[in-house]
Each structure stands twice: as structure tokens, then as C-alpha cells.
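First up is the structure itself, then whatever we jot down about it.
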Amino acid sequence: MEELSRGRALGKVTAVIEESERSPMGTMKKIMQENPDIVNMSIGEANFDPPAELIDIACRLSADKVNRRSLYTSTRGLPPLRQAIARYMKKTLGADADPDENILVTVGGTEALHLAIKVLVRPGDKVLLPNPGWGALEGLMRRQGPEILYYPLRKAHAWTVDTDAVLQAMHAGVKVLVVNSPSNPTGAMVVDSAGWARIMEKAKELDIFVFSDEVYHVYTYEGPFVSAVGLDPTFENLLLIDSFSKAFAVMGWRIGYAVAHPWLIRQMDVYKETVSACTPSIAQWAFAEYLDSCDAYLEQRRAMLKDNMEKMVARLNAIPGVFCPKAQGGFYLLPDFSALEPSSVAMVEKLLRGGVATAPGAAFGSMGEGCLRLLFSQEWLDVDKAVSRIEKTLAG
Ligand code: PMP
392 MEELSRGRAL
402 GKVTAVIEES
412 ERSPMGTMKK
422 IMQENPDIVN
432 MSIGEANFDP
442 PAELIDIACR
452 LSADKVNRRS
462 LYTSTRGLPP
472 LRQAIARYMK
482 KTLGADADPD
492 ENILVTVGGT
502 EALHLAIKVL
512 VRPGDKVLLP
522 NPGWGALEGL
532 MRRQGPEILY
542 YPLRKAHAWT
552 VDTDAVLQAM
562 HAGVKVLVVN
572 SPSNPTGAMV
582 VDSAGWARIM
592 EKAKELDIFV
602 FSDEVYHVYT
612 YEGPFVSAVG
622 LDPTFENLLL
632 IDSFSKAFAV
642 MGWRIGYAVA
652 HPWLIRQMDV
662 YKETVSACTP
672 SIAQWAFAEY
682 LDSCDAYLEQ
692 RRAMLKDNME
702 KMVARLNAIP
712 GVFCPKAQGG
722 FYLLPDFSAL
732 EPSSVAMVEK
742 LLRGGVATAP
752 GAAFGSMGEG
762 CLRLLFSQEW
772 LDVDKAVSRI
782 EKTLAG
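According to this note's numbering, the residues represented by the sequence shown are 392 to 787, in order.
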């Protein structure tokens, strides 16, 4: 990294920026800008259009001069949106939540996690994270100074958790356990319902908070989604993180929500007041009006994603030396290329020279080494082009 000259005062600034510059996202974006022909499978975005109806509603509401939709909203989120979220949760997760007590509308799932971590995690606390897992979560945690422990997702078992190993790692000193299912970066539904029941039982016994990050839950391809919500109806030990970013392809609108015990929600609400004051107002008004009619959109996208994923898995598994488990949810695959190249960074570089940007598995933790994360949320034409380039590069 280029060394910036800085004076004495700037020399006192803790270099959090070094973290983001190490992130593969930044490097990928720079290379993509310089080479527009590269097919980008490295990013974590829903690369399809948001619902047309949602866009129409947002345009109409932002032009509404009478009701002034551009004012700050309450920090907790618009009441009609929280009511719509409670209905959406009932429909998609089969879970009950009180819109006034349990739900906080946030600036994406990222802010929900940020607030929860700020409120709950103190230096020296122990937190348990998945390996491989979403890097930003680890970054958020690390800044609070806890001791970070990991539990492995098992490549040989389609990237699911070994529940016994998680239970063993959950001891009395642990304050927070994070589970992300469907998983970024593996695409696995990492815990089954029996596993969840055992994990929540132990969490209650040992007073551990479980953060269940379910931001990809509307896109699952095999069997029903298994949510943690419902196993702890009073939210004594559970915090749900959800987001509209990926579900409705509105990453830049910055809207998500947290569901937790009223006491925790109140703490996060007070903290949020000084962090973001409120979640973007037009996004809130638009989702309040749109959310009840989202079924057809989600169904269509799910079918498109499943089709992309299945074609891609078949093609990747046909390449000698590549092993690619199917994704059960979300829109990432984490195929294993280690028989061809043990270093995921070296493999990323090789494929970049072949015209495809991917993310190195090692960026998601040691268990991801040897693997690459590939996105399958683009139009099939792009996915096809990328896979053809991978086939060609690895054959040559
Ligand atoms: N959790 C996971 C696992 C994610 O992959 C992401 C986004 N990459 C988020 C939370 C947060 O997304 P957002 O802030 O856009 O809702």
C-alpha cells in the first residue's frame, strides 16, 4: 500500500483504513474499472433489477409535496413499515414479532450488526464466529476488542456446521455466537432444525446471545429455510438480522432491520439516534407500501437464481480438479480449486488474466483457502460467459 505522508496529529489516527484496503472488494473494484470487459463474479450484490412496483412507489412518494416523505422518521422506523415487517416475518419466517417492541429498522443489515455489537460486545469478551464467514462482520467485531474464536464450516459436508463442535465451543465465557444462514460465502444452510434447537438450548443455559444473520433467507433452493426465530419467542437470547438489500436488489437504498428483545432494541435505538438518526425515509415509506405484495417478485427471482446456480454447478463440477457443492441458499458458490492451485489468491489472479473476477476464499477465513467465491446473481448470459472463461483458462 502506498505510504501517505502525514503530520503528528494524523499519526495518532488508528489505521482502520488499512483493513479496508486489504479487502479483496477494493482491489477487485479497481481492476474492474481498469478492465471493463472482465466479468465480475467477485462482488456481493444482487445483480438483478429491483421490483418495478417498488421503484414506482418510491418515485411517487419522493415527489409527494403534501406528505413530505423526506423528513427524518422516528429512529426506530416508520410504524407502518414495522407492521409490514412483522407480517413479512410471519409469511417468510413463520415467526411472530411485536412491531412496537421487537423491531428496529436499520441502515441495512450492516447497521443492525454494528449497533448490536456496540451495545453488547466489550473488550475481552469472547465471541464465536463462523470460518469461513463474511469478512465485514469480523471487522466490526474486531474494532470492539473482543477475543474472537471460530467454529468451522465443513467443506466435506457441503459447508454445514458440526453442531457438536459448535456446542463444545459454546462455553460460559462466550458472550455472542454468530450464525449466518444461508451463508456468505458458502451458500449453505449451515444449521438444520435439530441443530438450531440444540444451539438455542445451550445458549439459554449459558446466557449466550445468538446473532442469527438471515439476510439471504428469501432465496433458498432445497427444502424450507430453517430460521432461528421461533426457537426463542421472547428473544431473551436471540437477535435476528435481516435486510432488503439482497432480497429486493436495493443494496444502495440502505434498509434492513433487527429483531430482538425490547430491552436490546431500546438500547440499539438510543445508539442509532447518534449514529444515523433514521433509516433513509423514502426507502422506508416505499417498503411500507410495497412489502405485502412481494411474493411474485421473490418467486421469479428465486427461480432465476436456482436455474443459474444449477447450471453453474454442473459446469464447474465437469472441470477436472474442481469440486463445487450446490448452494442451498443465497447467491454464492464456494467451489474448491485446491487440486489445481492451493492458493486462492493465486487462482484469483490466474482467472483475472482469463477475464473473470472472483473472490479468494482465504479472504473469508482460513477454512476458505483453496476455494473461490463466485456470484450467480447476474443474468445467465454473464454467468455463462464467466464460466466459459473459467473453463478455457483452466484447460489452457
Ligand atoms: N450479512 C451478510 C452475511 C452479508 O453478506 C451482508 C452484505 N454483504 C450483510 C449482512 C449486510 O448487508 P446490508 O447492509 O446491505 O443489508
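The C-beta atom is built at its ideal place from N, Cα and C for all residues, glycine as well.
Note that the coordinates shown come from a computational prediction; the quantities given were computed from them, not determined experimentally.
Query raised in the report: Between the segment 510-518 and the segment 666-673, are three or more C-beta pairs nearer than 8 Å?
Result: Segments in contact, no.
**Report entry** Inter-stretch contact (C-beta, 8 Å, three-pair minimum) for the segment 754-761 and the segment 583-593
**Finding:** Not touching, per the Cβ criterion.
Worksheet item: Among the residues of its own chain, which have a CB less than 6 Å from the CB of Glu732, if the five just before and after it don't count?
Response: The residue labelled residue 732 in the question sits at position 341 within the sequence shown. Spatial neighbours of Glu732 in its own chain (CB-CB distance under 6 Å, excluding positions within 5 residues in sequence) are listed in chain order as Met738.
Strand pairing of Gly647, partner residues [DSSP]:
In the sequence shown, residue 647 corresponds to position 256, counting from 1. DSSP lists Thr497 and Ser634 as partners of Gly647.
Exercise. Of the residues Leu766, Arg589, Cys450 and Pro711, which one's Cα is nearest the Cα of Val557?
Worked result: Here residue 557 refers to the residue found at position 166 when the sequence shown is read from its first residue. Its Cα nearest to that of Val557, the residue Arg589 stands out among Leu766, Arg589, Cys450 and Pro711.
Practice item. Could you say if the segment 436-448 and the segment 633-651 meet the contact criterion of at least three C-beta pairs nearer than 8 Å? Key: At 8 Å Cβ cutoff, the stretches touch.
- Message: Quick check on this structure: which residue in Val496, Ser757 and Lys717 has the alpha carbon closest to the alpha carbon of Met703?
- Response: Working through the sequence shown from its first residue, we reach residue 703 at position 312. The closest CA to that of Met703, considering only Val496, Ser757 and Lys717, is found on Lys717.
Any residue with its C-beta under 6 Å from a non-hydrogen atom of the ligand PMP counts. Can you list them all in chain order? My final list is Gly435, Gly499, Gly500, Thr501, Trp525, Asn571, Asn575, Asp604, Val606, Ser634, Ser636, Met642 and Gly647.
### Message
Beta-carbon within less than 6 Å of Leu689's beta-carbon, same chain only, minus the 5 sequence neighbours each way: which residues are those?
### Response
By 1-based counting over the sequence shown, the position of residue 689 is 298. Cβ within range, chain order: Val609.
**Q.** Cβ pair Leu629, Val601 closer than 8 Å
**A.** Translated into the one-based positions of the sequence shown, residue 629 becomes position 238. Translated into the one-based positions of the sequence shown, residue 601 becomes position 210. The answer is yes: Cβ separation under 8 Å.
In whole angstroms, what is the alpha-carbon distance linking Ala560 and Gly524? Indexing the sequence shown from 1 puts residue 560 at position 169. Indexing the sequence shown from 1 puts residue 524 at position 133. Straight-line Cα distance between these residues: approximately 17 Å.
Practice task
Work out the CA separation of Met580 and Val569 for me, nearest whole Å.
Solution key: To locate residue 569, count along the sequence shown from 1; it is residue 178. To locate residue 580, count along the sequence shown from 1; it is residue 189. For Val569 and Met580, the distance between alpha carbons rounds to 14 Å.
Buried or exposed, going by whether 16 or more other CB atoms sit within 10 Å of the CB of Trp771?
Here residue 771 is taken as the residue at index 380 of the sequence shown, counted from 1. Label assigned to Trp771: exposed.
> Is Tyr463 helix, strand or coil when you go by DSSP?
Replying inline: As a working mapping, residue 463 is identified with position 72 in the sequence shown. Three-state result, Tyr463: coil.
Using a 10 Å radius around the Cβ and a threshold of 16 neighbouring Cβ atoms, would you call Gln691 buried or exposed? Counting from 1 along the sequence shown, the entry for residue 691 is found at position 300. Residue environment: Gln691 is assigned as exposed (fewer than 16 neighbouring CB atoms within 10 Å of its CB, all protein chains considered).
| When the Cβ atoms of the segment 616-623 are set against those of the segment 478-490, are three or more pairs found closer than 8 Å? | Enough Cβ pairs lie closer than 8 Å, so yes.
- Since Phe728 sits in a beta bridge, which residues does DSSP pair it with? Locating residue 728 in the sequence shown gives position 337, counting from the first residue. None; Phe728 has no bridge partner.
field: Cβ-based neighbour list, Gln491, same chain, cut-off 8 Å, excluding 5 preceding and 5 following
entry: As a working note, residue 491 is residue 100 in the sequence shown. One point to set straight first is that residue 491 is Asp, not Gln, in the sequence displayed. Non-local C-beta neighbours of Asp491 in its own chain, meaning closer than 8 Å and more than five positions away in sequence, comprise Pro470 and Arg473, ordered along the chain.
At which residue ranges does the segment 692-766 contain complete alpha helix (DSSP H) runs of 4 or more residues, listed in the order of the chain? Listed in chain order, they are 735-744.
Buried versus exposed, by CB contacts within 10 Å (16 or more), Gln424:
Walking along the sequence shown from the start, residue 424 turns up at place 33. By the beta-carbon neighbour count (other beta carbons within 10 angstroms, threshold 16), Gln424 is exposed.
Considering Leu492, what are the terminal residues of the alpha helix (DSSP H) in which it resides?
-> Sequence index remark: in the sequence shown, residue 492 carries index 101 (1-based). It should be pointed out that residue 492 corresponds to Glu in this sequence rather than to Leu. No alpha helix (DSSP H) holds Glu492; DSSP gives it neither H nor E.
| query | Using a Cβ-Cβ cut-off of 7 Å (strictly less than) and excluding sequence neighbours within five positions of Phe767, which residues of its own chain qualify? | reply | For the purposes of this step, residue 767 is identified with residue 376 of the sequence shown, where counting begins at 1. Same-chain partners within the cutoff: Leu696, Asn699, Met700, Met703, Phe722, Leu724 and Val774.
*What's the C-alpha gap between Val567 and Val498?*
In the sequence shown, the residue the question calls residue 567 occupies position 176. In the sequence shown, the residue the question calls residue 498 occupies position 107. When rounded, the distance between both Cα atoms is 22 Å.
query: Taking DSSP as the reference, what is the three-state secondary structure of Phe439?
result: Taking the sequence shown and counting its residues from 1, one reaches residue 439 at position 48. Per DSSP, reduced to three states, the secondary structure at Phe439 is coil, with no helix or strand assignment.
### Message
Using CA atoms only, rank isn't needed, just tell me which of Val510, Ala475 and Ala454 is closest to Ala651.
### Response
The sequence position of residue 651 within the sequence shown is 260, counting from 1. Answer by Cα proximity: Val510.
- prompt: Sorted by chain position, which residues of the same chain lie with C-beta nearer than 8 Å to Leu655's C-beta, five sequence neighbours on each side aside?
  reply: By 1-based counting over the sequence shown, the position of residue 655 is 264. Taken in chain order, the residues that qualify are Ala507, Val510, Leu511, Phe626 and Leu630.
| task | Could you check if Gly752 is buried or exposed, using at least 16 other CB atoms within 10 Å of its CB as the buried criterion? | result | For the purposes of this step, residue 752 is taken as the residue at position 361 of the sequence shown. By the neighbour-count criterion, in which 16 or more other beta carbons inside 10 Å mark a residue as buried, Gly752 falls on the buried side.
message = Using 8 Å for Cβ pairs, my map puts Leu743 next to Ile494. What's the rounded Cβ distance?
response = Locating residue 743 in the sequence shown gives position 352, where the first residue counts as 1. Locating residue 494 in the sequence shown gives position 103, where the first residue counts as 1. Contact doesn't hold; Cβ gap of about 42 Å is too wide.
_For Lys776 and Met432, what's the separation of their Cα atoms in angstroms?_
Taking the sequence shown and counting its residues from 1, the one referred to as residue 776 is at position 385. Taking the sequence shown and counting its residues from 1, the one referred to as residue 432 is at position 41. About 11 Å.
For Phe626, the first and last residue of its enclosing alpha helix (DSSP H): Walking along the sequence shown from the start, residue 626 turns up at place 235. No alpha helix (DSSP H) holds Phe626; DSSP gives it neither H nor E.
- Query: For Val661, which option in Val736, Lys421 and Gly468 has the closest C-alpha, if you only look at C-alpha atoms?
  - Reply: Translated into positions along the sequence shown, residue 661 becomes position 270. Between Val661 and the set Val736, Lys421 and Gly468, the nearest pair of CA atoms involves Gly468.
Between His562 and the rest of its own chain, which residues show a CB-CB distance below 8 Å, the 5 nearest in sequence each way excluded?
Along the sequence shown, read from residue 1 onward, the residue named residue 562 stands at position 171. Within the same chain, Cβ atoms closer than 8 Å to the Cβ of His562 are found at Leu597, the five residues on either side in sequence being excluded.
Assign Phe602 to one of three DSSP states: helix, strand, or coil.
Residue mapping note: residue 602 aligns to position 211 of the sequence shown, counting from 1. The answer is strand: DSSP assigns Phe602 an E or B state.
Report the partner residues of Thr611 according to the DSSP bridge assignment.
Here residue 611 refers to the residue found at position 220 when the sequence shown is read from its first residue. Beta-bridge pairing by DSSP links Thr611 to Gly720.
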